[in-house]
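**Student:**
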Amino acid sequence: MGRTPCERMGRIHKLSVSVVNRIAAGEVVERPASVVKELLENALDSVPTRIDVALEQGGIALVRIVDDGGGIEAEDLPLAVAPHATSKLRVAEDLERIGTLGFRGEALASIGEVSRLVIRSRPRGGTGATLVVDGGRVGEVAPDGCALGTTVEVQQLFGNVPARRAFLRAPQTEWTHASEAFVRTALAHPGVAFSLTHNGRRVHDLPATDSWRTRIADVYGPQLGERLLEVEAEDEGIAVSGFVGHPEDDVASTRWQHLFVAGRPFRDRSILHAAQEAYRGLLLSGRQPVVFLRFEIPPEMVDVNVMGVLNCSHVAVPHLIAAAKGSRGVADIVNISSVAGRKALPGSSVYAATKFAVNAFSDGLRQELASKHVRVSIVAPGMTESEMIYKIRPDLLEKIRASLEAMPT
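Residue 125 in the numbering used here sits at position 118 of the sequence shown; the count goes up by one each step and never skips.
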């Protein structure tokens, strides 16, 4: 007879750094799309004019991202792949005014633990160098005659972690997720030129532009771009601008609905519901409107430190609680894993939020929260979701309706 789990456990011991890093990598790297998102954010923070992305087998075999940005000094390459090393912040207060996309100093370290990672970089006025990290083993920095900027290659994702590799989907499915991550990033940054290649075939070639309408048209086609309806709204320092689609350009999927804040894609069901309501009677059942909206908010009002799955800004949480009916005790059921959340509700119960815990929390309290008019936000992988846009919804809905009423018949 085999031993029970308790009998097999043995004494408690501290995990090795390698094991800890490999476990932590799972929080950052879920699939090739996660790699694409993280590396694109790093590339954009280097202020490039162009970023080229190449994938093989949906990104499972290869993700290569090339930028012509500022580059990395040779002596900084080992730090670039070390955990919790970043050039984006130094003290905790910097979390409240982050203007960059990447800031945690975890992406390259995590990716290097579960793949073969190759970095080639040359800064302006400097010499080129390369560094290889193979399954967490960091090699030596070597000279490299590379071009200005940085090239990052991620080869054989999860090749050294068969259990994780087994959970990846078919290459075509992973390609779909990775290409969506690319599109979201390209839409958020029209001033940068992007290209995307899969298995040697060029899929997107997007020139830089100062027109968001042009970038949308380059991604989704000129016919859609020409028919988009402009939307603008502002309320208490939060501004929204962008486009919604003509009712005849309705789609079957919400993949054509994009919201951005601070250069980051996010999901907010209330905003998308407002857009859906504006099209009531204009769309067939099951059809969705096309939505592209950007929100302008000061960096200190946006909480991007999403370690768990719930994220509420320190501006909107008090607003929600004040607006809730029978709000006594509501603070005790707001679960936040964020610096801003703790600052907003210092006397409340604050829990570290894992996906499992948040799902259980959502299911168990959904009806109770609905009766108090407080919603639970769940962050999609690679996105942030927040209640911070809550108070602009009525004006947004009015503006969308006005655009629809003004469209030519």
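Glycine included, each C-beta is placed from N, C-alpha and C at the ideal position.
1) What does DSSP give as the partner residue(s) for leucine 69 in the beta ladder?
2) Runs of 4 residues minimum, wholly inside the stretch 220-298: which ones carry the alpha helix (DSSP H) assignment?
3) Nearest to valine 238 by CA position, among Leu300, Gln162, Glu120, is which residue?
4) Checking 8 Å against the spacing of the C-beta atoms, do leucine 138 and leucine 84 come in under that value?
5) Tell me whether isoleucine 58 is buried or exposed, calling it buried when 16 or more other Cβ atoms sit within 10 Å of its Cβ.
6) Expressed to the nearest angstrom, what Euclidean distance is found between the alpha-carbon atoms of glycine 207 and aspartate 75?
7) Using the rule of at least 16 other Cβ atoms within 10 Å of the residue's Cβ for burial, across every protein chain shown, is serine 355 buried or exposed?
8) Out of Asp212, Val258, Arg271, which one is the CA nearest neighbour of alanine 188?
9) Could you please give me the residues that DSSP links to alanine 200 through a beta bridge?
10) Using only alpha-carbon positions, find the residue among Gly152, Leu236, Ser186 that is nearest to leucine 203.
11) So is glycine 252 buried or exposed if we call it buried at 16+ other beta carbons inside 10 Å?
12) Nearest to proline 130 by alpha carbon, out of Asp212, Ile72, Val54, Ser117?
13) Considering only their Cβ atoms, is the gap separating leucine 164 from valine 140 smaller than 8 Å?
14) Nearest CA to the CA of proline 90: which residue from Gly77, Ser117, Ile79?
15) Out of Ala136, Glu160, Ala215, Gly133, which one is the CA nearest neighbour of glutamate 63?
16) Pull up the distance between the alpha-carbon of valine 226 and that of valine 168, whole angstroms please.
17) For the putative contact between glutamine 179 and glycine 65, defined by C-beta atoms under 8 Å, what is the C-beta separation to the nearest angstrom?
18) Measure the alpha-carbon distance for glycine 152 versus arginine 127 and round it to whole angstroms.
19) Compare the beta carbon distance of glycine 78 and threonine 157 with 8 Å and say whether it is the shorter of the two.
**Tutor:** In terms of the structure at hand:
1) Glu63, Gln162, per the DSSP bridge assignment.
2) DSSP runs (the alpha helix (DSSP H)) wholly in the stretch 220-298: 229-234, 276-285.
3) When only C-alpha atoms are compared, the closest one is Leu300.
4) In this structure, leucine 138 places its C-beta atom within 8 Å of the C-beta atom of leucine 84.
5) With 16 or more other Cβ atoms within 10 Å, it is buried.
6) Approximately 21 Å between the Cα atoms of the pair.
7) Legend: pLDDT at serine 355 = 38, less than 50; position of this residue unreliable, value from coordinates given subsequently. If you draw a 10 Å sphere on the C-beta of serine 355, you find 16 or more other C-beta atoms in it, and that means buried.
8) When only C-alpha atoms are compared, the closest one is Arg271.
9) Secondary-structure assignment with DSSP links alanine 200 through a beta bridge to Arg57.
10) Shortest Cα-Cα distance from leucine 203 to any of Gly152, Leu236, Ser186 involves Ser186.
11) Buried: at least 16 other Cβ atoms inside 10 Å.
12) When only C-alpha atoms are compared, the closest one is Val54.
13) Against a cut-off of 8 Å, the Cβ pair of leucine 164 and valine 140 comes out as no contact.
14) For the set Gly77, Ser117, Ile79, the Cα lying nearest the Cα of proline 90 is the one of Ser117.
15) Nearest of Ala136, Glu160, Ala215, Gly133 to glutamate 63, Cα basis: Glu160.
16) Near 35 Å, if we compare the C-alpha coordinates of valine 168 and valine 226.
17) Right, their Cβ atoms sit about 6 Å apart.
18) Taken atom to atom, the span from the alpha-carbon of glycine 152 to that of arginine 127 is near 9 Å.
19) Closer than 8 Å, so yes.
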